[in-house]
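J.: One structure, pasted below without further comment.
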Amino acid sequence: SVHQSPPNLLEKSGGSSVFQCLNHDKNYVYMYWYQQKGGKGALKLIGHLYRKNLRPEEEFRDQFTISGDATLNGTLEVSNITAADSAVYFCAVSQHSAANHLFPLQKPLLKQMSPIQPSPSQQH
Numbered sequence: 099s100v101h102q103s104p105p106n107l108l109e110k111s112g113g114s115s116v117f118q119c120l121n122h123d124k125n126y127v128y129m130y131w132y133q134q135k136g137g138k139g140a141l142k143l144i145g146h147l148y149r150k151n152l153r154p155e156e157e158f159r160d161q162f163t164i165s166g167d168a169t170l171n172g173t174l175e176v177s178n179i180t181a182a183d184s185a186v187y188f189c190a191v192s193q194h195s196a197a198n199h200l201f202p203l204q205k206p207l208l209k210q211m212s213p214i215q216p217s218p219s220q221q222h
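Numbering (this note's numbering), first residue to last: 99 to 222.
Printed below as a string of C-alpha cells:
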C-alpha cells in the first residue's frame, strides 16, 4: 500500500513544504507525483522516480524537488510557495512506466495543501 503525509497543510507565502510518500511494496519501482488544482479536473505530472533516478517535468523544475527511492519512500518539496500552489498533491506507485500502465496501489487522497493566503505584508 501507499501512504502519504501530512494529509493537510497550510503554509505561508514564501515558505516551503515537504510531503512524504511511503511505498510498502518493493516490486513497485516507479513513484509519480501529481498536482490537481481546484480539487478536481486533470492531474499534472510534477515528476517521477524510477528507483532512485529522478525525472522531473520541466514546468516544475525550479520550485518542486523530488527525492528518495521509489521502492521505499519519496519526498516532494515545494519551495517559495505562493497562492498559485494551492492544490491537492498526489503520489502513486507502479510496477511499470506511465507510458505503459499506471496502477496506484490505492486511491491517493492523502496529500492536500490547503489554500494559502498571502501574509499582510505582501498585500498591496
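By construction, the Cβ of each residue, glycine as well, lies at the ideal position given by its N, Cα and C atoms.
Assuming Tyr187 and Leu170 make a contact with CB atoms under 8 Å, what is their CB distance in whole Å?
T.: To locate residue 187, count along the sequence shown from 1; it is residue 89. To locate residue 170, count along the sequence shown from 1; it is residue 72. That belief does not hold up - the Cβ atoms of Tyr187 and Leu170 are roughly 19 Å apart, past 8 Å.
J.: In chain order, what residues of the same chain lie with their CB nearer than 7 Å to the CB of Cys119, ignoring the 5 residues before and after it?
T.: Counted from its first residue, the sequence shown places residue 119 at position 21. Close CB contacts of Cys119 within its chain, under the 7 Å cut and outside five residues either way in sequence, are with Val100, Gln102, Met129, Asn171, Gly172, Cys189 (chain order).
J.: DSSP has Ile164 in a bridge; who is on the other side?
T.: Numbered from its first residue, the sequence shown carries residue 164 at position 66. By DSSP's assignment, Ile164 forms a beta bridge with Leu174.
J.: Rounded to whole angstroms, what's the CA-CA distance from His199 to Glu157? Just pull it up for me.
T.: Numbered from 1 along the sequence shown, position 101 holds the residue referred to as residue 199. Numbered from 1 along the sequence shown, position 59 holds the residue referred to as residue 157. Since pLDDT at His199 reaches only 46, below the 50 mark, its modelled position is unreliable, and the value read off the structure follows with that caveat. Going by the C-alpha atoms only, they are around 23 Å apart.
J.: Suppose contacts are defined by Cβ-Cβ distances below 9 Å. Is Ala185 in contact with Lys135 by that definition?
T.: The residue given as residue 185 occupies position 87 in the sequence shown. The residue given as residue 135 occupies position 37 in the sequence shown. Yes.
J.: How long is the line joining the alpha carbons of Lys110 and Val116, rounded to whole angstroms?
T.: Here residue 110 refers to the residue found at position 12 when the sequence shown is read from its first residue. Here residue 116 refers to the residue found at position 18 when the sequence shown is read from its first residue. Approximately 13 Å, taken between the alpha carbons.
J.: Could you compute how far the alpha carbon of Tyr148 sits from the alpha carbon of Ser114?
T.: As a position in the sequence shown, residue 148 is number 50, starting the count at 1. As a position in the sequence shown, residue 114 is number 16, starting the count at 1. One C-alpha to the other measures close to 25 Å.
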